[in-house]
Amino acid sequence: MIDYRIRNNGGFTEKLGELVCMLEHTRAVTLEEIKELKQEDLDFRVDESSNSIGALLHHIASIEFVHGIISFHGRDLNDVELNKWRTALELGEQARKIIVKQPIEYYINQLSEVRKSTLSQLQKLNDDWLAEENKWGNGVPYNNYYLWFHVMEDEINHRGQIRTIKRQLLKQARM
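Below, the structure is given as structure tokens:
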């Protein structure tokens, strides 16, 4: 059962614990939304230029992975990481061709593996780390708190897209 309280469940400093609670709640709702989808549901696209649910799930995992690299390691993706995650990060035509024919367990495993790494790294940090600032290549400042807010924001946004695709699937099934 999903818990609808923001609180520190232990193992983290105060703000980090609350952040983890929000990350975990966001993920629990996403997993609940997709748990009964079949491979053909995951590959369904509303039209030629849209992304599938599977591609969106892969994208959610990729965004969390990239933000972990940036915030935990203070760098961008290396060539090996970029090669592994580029298609999911960029989505688009390449993703429509490559991110297909996988069962739900594949996507859940990706999401789980990235999250496991995220939680392991966050346990090593404290609330001061959230406020640490850096600048993008264009000089725009950001802090670690924002990066992890964006991970949640991105997942919630794409979960909305997933719900829209699921409604289209239901509509198509009724025809």
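Each number in my numbering corresponds to the 1-based position in the sequence shown with 330 added.
For glycine and all other residues, C-beta sits at the position ideal for the given N, C-alpha and C.
Mind checking Y437: buried by the 16 CB within 10 Å criterion, or exposed? Y437 is buried by the Cβ-count criterion.
Would you kindly report the start and end of the unbroken beta strand (DSSP E) that includes Y472? 471–473
Going by DSSP, name the residue or residues bridged to E463. N473
Between the segment 353–370 and the segment 482–491, can you find at least three pairs of beta-carbon atoms closer than 8 angstroms? yes
Is the segment 380–394 touching the segment 414–426 in the sense that three or more CB pairs, one from each, lie closer than 8 angstroms? yes
Contact set for M482: own chain, Cβ-Cβ below 7 angstroms, skip 5 residues either direction: M352, L353, T356
Can H397 and W478 be called in contact, C-beta distance under 9 angstroms? yes
Out of N456, A425, L412, point me to the one whose CA is closest to G341's CA. Of the candidates N456, A425, L412, N456 places its Cα closest to the Cα of G341.
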